[in-house]
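Asks:
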Amino acid sequence: MDNEDSATSTGTAVAAAVEKHELRSERESTPPTAPLSEQEKDIIDRQLTAPNVSIGYFSLFRYASATDKLIMVVALISSIAAGAVMPLMTLVYGNFAGSFTSFSVDASAAARFQHQINTYTLYFIYLVGIGAFVTSYISIIGFSYTGERTTRVIRELYLRAIFRQNIAFFDFLGSGEITTRISSDMNLVQDGIGQKIGLFVTGVSMFVSALIIGFIRSWKLSLIMLAATLALILMMGVNGTFMKKAQTLSIDEYATAASLAEEVLSSARNVAAFGTQKRLAEKYRAFVERATAFDYRAKFWLSMMIAGMMAVLNLQYALAFWQGKRFLDAGELGVSNILTVVMALMIAGFSIGQNLPHIQAFGGATAAATKVFNTIERNSPIDPETDAGIVPDDFIGNLEFRNLKHVYPSRPDTVVLSDFNLDVPSGKMIALVGASGSGKSTIVGLLERFYLPMEGQIYLDGKDITTLNLRWLRQHMAIVSQEPVLFSTTIYESILHGLVNTEYASVSDEKKMELIENAAKIANAHDFIMDLPDKYQTKVGERGGLLSGGQKQRIAIARAIVSDPKILLLDEATAALDTRSESAVQEALDRASQGRTTIVIAHRLSTIKKADNIVVMALGRIVEQGTHQDLINANGVYASLVQAQELTSKISPANRESRMSGFQESEKDEVNEEKLILMRTTTSAPTEFVNKDDKEKEYGTWELIKFAWEMNNGEHMTMTIGLIASFFAGCNPAIQAILLANSINSLLSPGTSLGGHGTNFWCWMFLMLGLVIGFFYYIQGMTLSKGSAKLVGSVRQRAFGAMLRQDMEFFDGDTVTSGALSNFLSSEANRLAGLSGSTLGTIVSAASSILVAFIVGCSFGWKLALVCSSTIPLVIGCGYFRFYALVRMEKRTKETSDAASFACEAASSIRTEYTVLQFYVVYSAIINGAQSAGAIFSFAPDMGEARDAAKILKSFMNRIPKIDHWSPEGKKVDRLEGHVELQGVRFAYPGRPDHRVLRGVSLSAQPGQLIALVGASGSGKSTVMQMLERFYDPTDGSVRVDGVELTDYNLQDYRSQLAMVSQETTLYTGTIRENILANKEDLGDDAVIQACKDANIYEFITSLPDGFNTLVGAKGALLSGGQRQRIAIARALLRDPKVLLLDEATSALDSTSERVVQAALDSASKGRTTIAIAHRLSTIQHADVIYVFDQGKIVEQGTHDDLVEKKGVYFELARLQAIGAPQ
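Using the UniProt record's numbering, read the sequence shown as starting at 1 and increasing by one per residue.
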């Protein structure tokens, strides 16, 4: 429409405008489209683009403090020292072995031999034992401390960065993704910058020290052996690159799955009502399976790396002894030096293998930090924390909108505002009305600078608002929206939030209290606050859940005006309230807007009659403006909107005055009732994720391992193959001991080795062992990695399914929030992997190492084997201690100290009974076996966490809800008739058992009737709806449909006959088509199109570039409230329900859309029973029966006209909504 169709038009022009409006009412919400210029594309890119920050590992420390860096330097030095200990031991070991060899040749030097052994034993104790203990302890403690502190700083910076971003940035960012980034991703970062750095640096130091010692003893042999080490490094680099890429993709897919889970779990009632559990679970499964595939790909590259490493380490032995024998024959090296070089270079190789898991952690930390750092480093184009911009000395409040054009970055093809011009004088109230999607909320968003306009400017007191300091601008504006958000704190703190970043932020507590009380009085909230038990210190609950809608809204108004803002923005501030609450809140808003420039968006036209200028918008343009009376007299678009909301009965103003005292008294009763609710709910016990009985039940470790095994159903054969491969891979140390002992023996006297074979034979044996062990490690990694990845994915899916199975009592729990459940899905599933995959494989390998080593030891020398084995319990005990403290290095200290002690004992035994070959076999086998025993408990923290996770998950998945919609039991029904009856129903919510919300409610609806429920907030209307959906069962009385108790029906079958459209519309990430179909995928396009036409949304959908395949965003964020509501109505109509439940179904719609949608609902109601809750009485005045609720009871019932004639409670509600247009 053009601007000439304004309030000043008369005669034919007005008639034409009205006719044009009527003809286009079906298309009212269809937005124009236009190609974007390069400048406009640049504006959109600025609002969406995040820098692709190149994240290297060392970037993770950029936010560490100077103190943390100092501690890290000390810990780094200790790590280097700890790493040097083991290579230094090779010098002792080489001399130790040389002494044995000399003693075997010349037995007469026994005294000298004993002295040497004692000396080397002391070196073991002081150098390896005490030195390793002290340096390792400092290293681990230091890096653990700084890792936790640095991660906390990154978390805080990420949150701060999130709060600094422009609104467009959040259009593509789900809240579940933010939860994932802060929790599981930051845990990965902490894992990568904590104690694992100390262990990694120790490994690097060990590698370098070993090389130095090797090169000092024989640079030629060291250089030859180094070729294998370089092959290891190359292998790690190539595989590590592919592994990191796959890890990043897996993390991103899991974040997307978390966002979907948060959306779904935050709307449990909607999911249950439409029976979409299976479809949404399938959608979640698709995300998780993609994440699992990438996770498995990452583990595949890790498996390749480990298998190659184990093969190369054995090949390195072969190379070392083959070349060492040549040097020995040439007289260049002695046995002692050869062994020192071999041991040193093997330690170098071993240190690389030891660092592999840490490299995976570093890769995971870097991958997890990438998205977080991208957000932290992103400079928001609209930054509320910046100091840039003008700070004017004075503030008047004149607003000018000039030639505004706007396109939302999430829908760049749709122009929502075009050539918009408006003047708002200081201190005046301007009202914006019009269809959903006409651009009303866009005006508020641009004024608050949530988005950058494509064209045009907004001026405040003659200054372009883009040149003003944003923090200063928002300090002088306050907004009250339809759904106010209160944080879980006291009323005092809630209102106090309005003083943050204002000139009053630092005033005295007395002054703050004075400001808060004054604001509460203006907001009409002070009286009810003083009636509460704790007054201003009363807790409001999460999101203000312990307050009624009216109370919550009035506190939000107090918070908005406590800092005395010059501009007040009211976006549907009373839309969600019942008539009584609306009256009190509207009075508060009228008082709050005095002396302030006020912009009001309203669908209830009765709330803006007193506005100085009413602006009627359509398709992003102004079509009319003027005062209420001017626009009524013009009989144009606005007049038709008013008429759509008028009640047919005429109620005289005199009657209103005569009833006001009674209304006020009733409102006071309501406040007292709410006070009682607050007193009781604040002391109610919180609900846990699991039943109390399940929570207290103890599960044995074996039972939990069995649970984890069952969760991996389908991978049992794969896992079995992996465990068998792990067993054979664990034989490596014992077989190595045999080959090593024979190789050493063959250097001097080949005839004394097994079979009398020479060194070359044993080198070939090492080659064979390397290939075979590499194969087993490859099979182990491939199979167990697949099992681990599948386990995590499977547990997430099953836990999500278990959550969708729960009844509403579960979701009502104080501790059960969508964010907590989403985080529960991520964290517990990941922790359970500690009972699977590499952990399980390592345990089996370590166990087989101990077993085979003991068998080999006893075969070659049972006495020495028993002596050496006596220290294994000490090693296991030391490892077990790691369950309770971060003492990883003490385990190593114990192992090496024990090695020193039994080396001394072995010297005495071998002198008389054992050959050198027997000694080396037993010594190497048992020592390696003891280290494997300690390795079992290197995974102790993972096993402990996994055990706890298994316990929680098992208890949770065993929870069977009282109302189980997955139960196959109950009466099946093909088609309901629609006769609904409640008889003497009493009910109290499980979380508030002392407060009855229904007190003997009896009502009935005949098939095909329209039944309306009206009354104040908290009077029990919505509870009746939930009873009919069987979200709860009544405490007393019965709910029947077609004469059958609801408890006797099959729940899935029964709910499939119902459809609900609620006030809080719920859409899920996906396309418009997917959201409309819900669980009716079998229906064709014709049925979908008809449902959309009936809901007045078809024209809008077809106007979009992608039509039905348009993405709606997280929770439908890319659509307006009215558009979301009409899609929800289309979804309900598509089910062709026999019983239709409408809970404020049109509250979010403008008058034009409401009229069309209401007509569609009236048409849809024919032939089906409809039960509607409405605060706008104009939408239910034609109902067959209207039931009036008050404090859980039905106080009146009848038709609209009958109830008006009674001049009771309904009459007063109707009078409060009278707009006053000429009749």
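The beta carbon of each residue, even a glycine, is placed where N, CA and C say it ideally should be.
Which residue's Cα is closest to the Cα of I417: A435, L1028 and L851?
Replies: Sequence index remark: in the sequence shown, residue 417 carries index 417 (1-based). In the sequence as displayed, the identity of residue 417 is Leu instead of Ile. Nearest C-alpha to L417: A435.
Asks: Look at G131 and A344 and say whether their C-beta atoms are less than 8 Å apart.
Replies: Counted from its first residue, the sequence shown places residue 131 at position 131. Counted from its first residue, the sequence shown places residue 344 at position 344. No.
Asks: To the nearest angstrom, how far is it from the Cα of T67 to the Cα of G1121?
Replies: On the sequence shown, residue 67 is found 67 positions in, with the first residue counted as 1. On the sequence shown, residue 1121 is found 1121 positions in, with the first residue counted as 1. C-alpha separation (whole angstroms): 50 Å.
Asks: Curious, which full-length beta strand (DSSP E) runs of at least 3 residues does the segment 1124-1197 contain?
Replies: You should have 1139-1143, 1169-1173 and 1185-1190.
Asks: Just verifying my parser: in three-state terms, what is the DSSP assignment at I855?
Replies: If you number the sequence shown from 1, residue 855 lands on position 855. Reduced to three states, the DSSP call for I855 is helix.
Asks: Can you tell me which of the three DSSP states R155 falls into?
Replies: For this step, residue 155 is matched to residue 155 along the sequence shown. In this structure, R155 counts as helix in the three-state DSSP scheme.
Asks: Closer than 7 Å by C-beta to K566: which residues in its own chain qualify, once you throw out the five before and the five after it? Chain order, please.
Replies: Taking the first residue of the sequence shown as 1, we reach residue 566 at position 566. Closer than 7 Å at Cβ, skipping near neighbours: F395, G397, H476, R596 and T597.
Asks: Quick one: is K220 buried, meaning 16 or more other Cβ sit within 10 Å of its Cβ, or exposed?
Replies: As a working mapping, residue 220 is identified with position 220 in the sequence shown. Answer is exposed; the Cβ neighbour count stays below 16.
Asks: If you measure between the beta carbons of T370 and T248, is that distance less than 8 Å?
Replies: Locating residue 370 in the sequence shown gives position 370, counting from the first residue. Locating residue 248 in the sequence shown gives position 248, counting from the first residue. A contact, by the Cβ cut-off of 8 Å.
Asks: With distances taken between CB atoms, is the gap from G1018 to Q983 smaller than 8 Å?
Replies: Stepping through the sequence shown from its first residue, residue 1018 is reached at position 1018. Stepping through the sequence shown from its first residue, residue 983 is reached at position 983. Not in contact: G1018 and Q983 (Cβ atoms no closer than 8 Å).
Asks: Could you check where the alpha helix (DSSP H) with D45 kicks off and where it finishes?
Replies: As a first step, residue 45 must be located in the sequence shown, where it is residue number 45. From DSSP, the alpha helix (DSSP H) with D45 extends over E38 to L48.
Asks: Tell me whether I1127 is buried or exposed, calling it buried when 16 or more other Cβ atoms sit within 10 Å of its Cβ.
Replies: As a first step, residue 1127 must be located in the sequence shown, where it is residue number 1127. Looking at its Cβ environment, which holds 16 or more other Cβ atoms inside 10 Å, I1127 is buried.
Asks: Please determine, among Q277, A348 and Y145, the residue with the shortest C-alpha to C-alpha distance to G229.
Replies: For the purposes of this step, residue 229 is taken as the residue at position 229 of the sequence shown. Looking at the sequence provided, one finds Thr at residue 229 rather than Gly. Measuring from the Cα of T229, the nearest candidate turns out to be A348.
Asks: Using the beta-carbon count (16 or more within 10 Å), is S1022 buried or exposed?
Replies: Position 1022 of the sequence shown, counted from the start, is the residue given in the question as residue 1022. With 16 or more other Cβ atoms within 10 Å, it is buried.
Asks: Return the chain-ordered list of same chain residues with a C-beta closer than 8 Å to the C-beta of V153, the five sequence neighbours on each side being excluded.
Replies: Along the sequence shown, one-based indexing puts residue 153 at 153. If we look at V153 and ignore the five residues flanking it on each side, its Cβ neighbours are Y63, A64 and S65.
Asks: Evaluate the contact criterion for the segment 1006-1017 versus the segment 1169-1188: three or more CB pairs, one atom per stretch, below 8 Å.
Replies: Output reads yes: the segment 1169-1188 touches the segment 1006-1017.
Asks: Tell me the rounded alpha-carbon separation between Y137 and T119.
Replies: Translated into positions along the sequence shown, residue 137 becomes position 137. Translated into positions along the sequence shown, residue 119 becomes position 119. Approximately 26 Å between the Cα atoms of the pair.
Asks: Looking at the structure shown, is T1110 part of a helix, part of a strand, or coil, going by DSSP?
Replies: Here the question's residue 1110 lines up with position 1110 in the sequence shown. T1110 falls in the coil class under three-state DSSP.
Asks: Going by beta carbon distance, what residues of the same chain come within less than 6 Å of N1079, once the five residues before and after it are set aside?
Replies: Here residue 1079 corresponds to residue number 1079 of the sequence shown, with the count starting at 1. Cβ within range, chain order: G275, T276 and R279.
Asks: Could you pull out every residue in the same chain whose Cβ sits closer than 6 Å to the Cβ of M429, ignoring the five residues on either side in sequence?
Replies: As a position in the sequence shown, residue 429 is number 429, starting the count at 1. Same-chain partners within the cutoff: S593, T598, A611 and D612.
Asks: Take P968 and list the residues in its own chain whose beta-carbon comes closer than 6 Å to its own, dropping the five residues that flank it on each side.
Replies: On the sequence shown, position 968 is the one that residue 968 refers to. Taken in chain order, the list of residues that qualify is empty.
Asks: Looking only at DSSP bridge pairs, what is H979 linked to?
Replies: Along the sequence shown, read from residue 1 onward, the residue named residue 979 stands at position 979. The partner list for H979 (beta bridge, DSSP) is empty, contrary to what the question assumes.
Asks: Which residues mark the beginning and the end of the beta strand (DSSP E) in which H406 is found?
Replies: If you number the sequence shown from 1, residue 406 lands on position 406. L399 to V407 is the span of the beta strand (DSSP E), which, as asked, contains H406.
Asks: Any idea what DSSP makes of Y1210, helix, strand or coil?
Replies: For the purposes of this step, residue 1210 is taken as the residue at position 1210 of the sequence shown. Correct three-state label for Y1210: helix.
Asks: What first and last residue would you give for the alpha helix (DSSP H) that runs through Q247?
Replies: Position 247 of the sequence shown, counting from 1, holds the residue named residue 247. Counting along the chain, the alpha helix (DSSP H) containing Q247 begins and ends at W219 to L265.
Asks: Can you list, in chain order, the stretches of the alpha helix (DSSP H) that have 4 or more residues and sit fully within the segment 755-819?
Replies: Segments of the alpha helix (DSSP H) lying fully in the segment 755-819: 759-805 and 808-811.
Asks: Locate the beta strand (DSSP E) running through Y459, then write down its first and last residues.
Replies: If you number the sequence shown from 1, residue 459 lands on position 459. Run containing Y459: E455 to L460, per the beta strand (DSSP E) assignment.
Asks: Keeping to the same chain, check which residues put their C-beta closer than 6 Å to that of A210; ignore five residues upstream and five downstream.
Replies: Within the sequence shown, numbered from 1, the residue matching residue 210 stands at position 210. Within the same chain, A210 has close Cβ partners P87, A344, I347 and A348.
Asks: Taking a contact to mean a Cβ-Cβ separation below 8 Å, would you say L496 touches I516 in this structure?
Replies: The count along the sequence shown starts at 1 and reaches residue 496 at position 496. The count along the sequence shown starts at 1 and reaches residue 516 at position 516. Yes, these two residues count as a Cβ contact at 8 Å.
Asks: Output needed for L1141: all residues of its chain with C-beta closer than 6 Å, excluding positions within five of it in sequence on either side, in chain order.
Replies: Indexing the sequence shown from 1 puts residue 1141 at position 1141. Around L1141: M1025, M1060 and I1171.
Asks: Would you tell me roughly how many angstroms separate the C-alpha atoms of M717 and Y254, rounded to the nearest one?
Replies: Residue numbering aside, residue 717 sits at position 717 when the sequence shown is read from its first letter. Residue numbering aside, residue 254 sits at position 254 when the sequence shown is read from its first letter. The alpha-carbon atoms of M717 and Y254 are separated by roughly 27 Å.
Asks: So, helix, strand or coil for V562, using DSSP?
Replies: The residue given as residue 562 occupies position 562 in the sequence shown. If DSSP states are grouped into helix, strand and coil, V562 belongs with coil.
Asks: Using the DSSP secondary-structure output, state which residues sit across from S1038 in a beta bridge.
Replies: Here residue 1038 corresponds to residue number 1038 of the sequence shown, with the count starting at 1. For S1038, which the question treats as bridged, DSSP gives the partners Q983.
Asks: Just verifying my parser: in three-state terms, what is the DSSP assignment at Y317?
Replies: Mapped onto the sequence shown, residue 317 falls at position 317. Helix, per DSSP.
Asks: Rounded to a whole number of angstroms, what is the C-alpha to C-alpha distance between S506 and E493?
Replies: Translated into positions along the sequence shown, residue 506 becomes position 506. Translated into positions along the sequence shown, residue 493 becomes position 493. Cα to Cα, the separation comes out at about 15 Å.
Asks: Output needed for F321: all residues of its chain with C-beta closer than 6 Å, excluding positions within five of it in sequence on either side, in chain order.
Replies: As a position in the sequence shown, residue 321 is number 321, starting the count at 1. Taken in chain order, the residues that qualify are S743, T759 and C763.
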